[in-house]
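Shown next, in structure tokens, is the structure this report addresses.
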Amino acid sequence: MASLHEGILPLERENALHEKICPWAATFPQYACAHNGIDGMLAAASFFAPAFLEIDGCVFVQMFIWNNPFADADAFAQQLASQFHGDRRAMERWVNAWSVAELFADGAARLDDLPDLPEKILDFARCIAHFWEQRLRAQFPARTFIFEIGEEIEGESGISITFYQKEQ
């Protein structure tokens, strides 16, 4: 007996989105590959399964660390510990906070007329949380991570995401 287990998006939403953006493509992967090529698909894979950097037991999205003026991980950790009075949860929550909405800011003029843009950004944030959580479980199996999706987390703009470790 066959049993369908939905993907990251509910099947009804996936079908509606497929019909709207790529009725010519048999599948979403076909659409994605046709529009992004192998380089774009590898970039997406890296985005959904990013590198994490562990500093003194704290876990950070690596791409968020090296965009910081502190090139030295130890100096960065000391600055964070001072700024957050050693509160590791607060340090992780702040560094790992990211505006999902801003990722699409360049296309905002083109996308603003879409009535369901906030819903799509929220769907995308949920996808990020899902895949990052899987990656964190694989890299740090003994730890539990808490994800938050909301508005303006840690001062980020619009729909944002962050994660931090659950205190043991």
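Under the working numbering, think of the first position of the sequence shown as 1, with each following residue one higher.
Idealized CB from N, CA, C, for every residue including glycine.
Own chain residues within Cβ distance below 8 Å of residue i, not counting five before or after
{"i": "Ala44", "result": "Ala32 and Asn36"}
{"i": "Met63", "result": "Pro50 and Ala51"}
Own chain, CB closer than 7 Å to residue i, minus 5 neighbours either side, in chain order
{"i": "Gln139", "result": "Phe52"}
{"i": "Phe171", "result": "Residue 171 falls outside the range modelled here, since the chain spans only 1 to 168, and no answer is possible."}
{"i": "Glu156", "result": "Ala97, Trp98 and Ser99"}
Beta-carbon proximity of residue i to residue j, cut-off 8 Å
{"i": "Lys166", "j": "Thr144", "result": "yes"}
{"i": "Glu92", "j": "Phe131", "result": "no"}
{"i": "Val95", "j": "Ile128", "result": "no"}
{"i": "Ile146", "j": "Tyr164", "result": "yes"}
{"i": "Glu102", "j": "Gly158", "result": "yes"}
Close Cβ partners of residue i (< 6 Å) along its chain, the five nearest in sequence each way excluded
{"i": "Ile55", "result": "Ala73 and Ala77"}
### Query
Touching or not, the stretch 113-128 and the stretch 79-90, by the rule of three or more beta carbon pairs under 8 Å?
no
### Query
Counting only runs that start and end within the stretch 93-150, where is the alpha helix (DSSP H) found for 4 or more residues in a row?
100-103, 108-111 and 117-139
### Task
Run through the stretch 71-95 for me and flag every whole alpha helix (DSSP H) of 4 or more residues, listed as ranges in chain order.
73-83 and 88-95
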